[in-house]
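Everything below concerns the one structure shown next.
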Amino acid sequence: MRGWARRGALTVCAAWLAGTLVSGQAPALKQLVPNGMLIGAALGQRQWDGTDAAAAAIVPVQFSSVSPENALKWGPVHPEAARYNFEPADRYVAYAEAHGLAAIGHVLVWHQQTPAWVFAGEGGGRASREVLLARMREHIQAVVGRYRGRIRGWDVVNEAVDEDGSLRKTPWLEIIGEDYIAKAFEFARAADPKAELYYNDYNLWKPAKLAGALRIVRGLKNGGMRIDAVGEQGHWLIGEPSAAEIDATIAGIAAAGLKTVITELDVDVLPRDEGMYGADLSQQRAYQASTNVYPDGLPQEQQERLARRYADIFRVFLKHRGHVSRVTLWGVTDLYSWLNNFPVRGRVNYPLLWDRQGRPKPAFQAVVEVLKGVR
Ligand code: XIL
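And the structure:
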């Protein structure tokens, strides 16, 4: 290449790169996803109050939907029987509305991040079925009712299925019985008849677990209840599940007549103990420096591997366009990802599309190229 031509090309390239890096926002995922597919990110207080300046710049430009990482879970929103704490969730919904983002509700009934009082009997011991059902109804009416018409869809029940496909032995199941799931859907439907309602879980790529989730779906439908989609959390590892397994999961949900929402996508690049997939919050491990393998940055070949992994995953979503109505990333930049603390506290992880400084990663570029059909 002649000197001037090379300089010209370099200038154009440098300008493009600087533009991309500075804005961190071109091109926009929300403009590239197929019609009918929302693209979202989970947010915490730092993101919606602007403390996380990188996220504040990225979210309104890139995304069309948001989810609250913690603010609408039972513990944060309803810490004591007679006390709700709606302020953070109010701010979350106001942020979504100010930026024209579809706000999602997460989560109504779960065995994690639920205060002990919920399951406690008034005179000691465990609550009765009637008392727990009454608490569930009151909670759902209060929370879903407060945001009626403003929250697009709710994760009604989270993680009710065990790895073998049976119902997970949670206090909800033990105290109320199997119909606790139907009751939660019934109460949510009554509180906001127009909101979409989802069943949400991780590891649905495991056939036994997907079968368990689909049994729940069939039970609801047979009982005359509407369920709008199955949420596959999508807390995946760099090597597992395979694209074919993800493909089969979405196909299986579609065959049951439902849409899939990918509710909590991220890709863990750090080592995990054998057989430890998914997102079981009870599987917290102690810090070991030997597993914090990239404390100073992700090596280039790992960046590329992560980019290929994201490309493969989004290719599957695109293949099932029409069946995947939303893809939500569980965070914005790597800096605040929950995977810095799960399943091992205090590691440096790289699971998302923007780095710690808020710059788009090769994985972001790879997703863009897949969405543009050039990769
Ligand atoms: C996680 C949050 O990201 C953390 O901030 C919190 O400490 C624990 O929960 N499955 C879910 C999410 O449905 O609610 C979890 O979010 C991740 C696993």
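Residue numbers (the numbering used here): 866 to 1240. Heads up, the beta-carbon is just placed ideally off N, CA and C, and yes, glycines get one too.
Is residue i near the ligand XIL, with its Cβ less than 8 angstroms from a heavy atom?
i: Val972; result: yes
i: Lys1071; result: no
i: Gly1099; result: no
i: Gln978; result: yes
i: Leu1102; result: no
i: Tyr1067; result: yes
i: Ala968; result: no
i: Lys895; result: no
i: Asn935; result: yes
i: Phe1050; result: no
i: Asn1206; result: yes
i: Gly828; result: Summary: the structure shown does not reach residue 828, with the chain confined to residues 866 through 1240, and so no result is reported for it.
i: Asp1199; result: no
i: Ala1144; result: yes
i: Asp1020; result: yes
i: Asn1087; result: no
i: Glu1129; result: yes
i: Ala1025; result: no
i: Ala907; result: yes
Within this structure, are the beta carbons of residue i and residue j separated by less than 9 angstroms?
i: Val1213; j: Pro1160; result: yes
i: Leu1062; j: Ile1092; result: yes
i: Tyr1142; j: Glu1105; result: yes
i: Gly1010; j: Leu1075; result: no
i: Ser932; j: Gly905; result: yes
i: Val1134; j: Ile1103; result: yes
i: Lys1034; j: Thr979; result: no
i: Trp1219; j: Phe1207; result: no
i: Lys1059; j: Arg1013; result: yes
i: Leu1123; j: Val1158; result: no
i: Val942; j: Ala961; result: no
i: Trp1070; j: Ala1113; result: yes
i: Val1132; j: Ile1046; result: no
i: Met1001; j: Arg1054; result: no
Going by the DSSP bridge assignment, what does residue i pair with across the sheet?
i: Asn1065; result: Asn1023, Gly1096
i: Arg1191; result: Leu903, Val1126
i: Ile969; result: Gly1018
i: Val1132; result: Trp1101
i: Leu908; result: Pro933
i: Leu894; result: Leu894 pairs with nothing; no bridge assigned.
i: Leu997; result: Note: Leu997 sits in no beta bridge, so no partner.
i: Leu1032; result: Val1026
Return the Cβ separation of residue i and residue j in integer angstroms, given the expectation that the two are a contact with Cβ distance under 8 angstroms.
i: Leu1085; j: Phe1050; result: 6 angstroms
i: Tyr1215; j: Leu1171; result: 7 angstroms
i: Leu897; j: Leu1236; result: 4 angstroms
i: Val958; j: Arg994; result: The Cβ separation is near 32 angstroms, so there is no contact.
i: Ala919; j: Gly1223; result: 3 angstroms
i: Pro892; j: Val1233; result: 6 angstroms
Completely contained beta strand (DSSP E) runs for the region 1067-1115, where each covers 3 or more residues: 1094-1097, 1100-1102
Ordered list of beta strand (DSSP E) runs contained in the region 1150-1228, each at least 3 residues: 1189-1194
Ordered list of alpha helix (DSSP H) runs contained in the region 911-991, each at least 4 residues: 918-927, 939-942, 952-963
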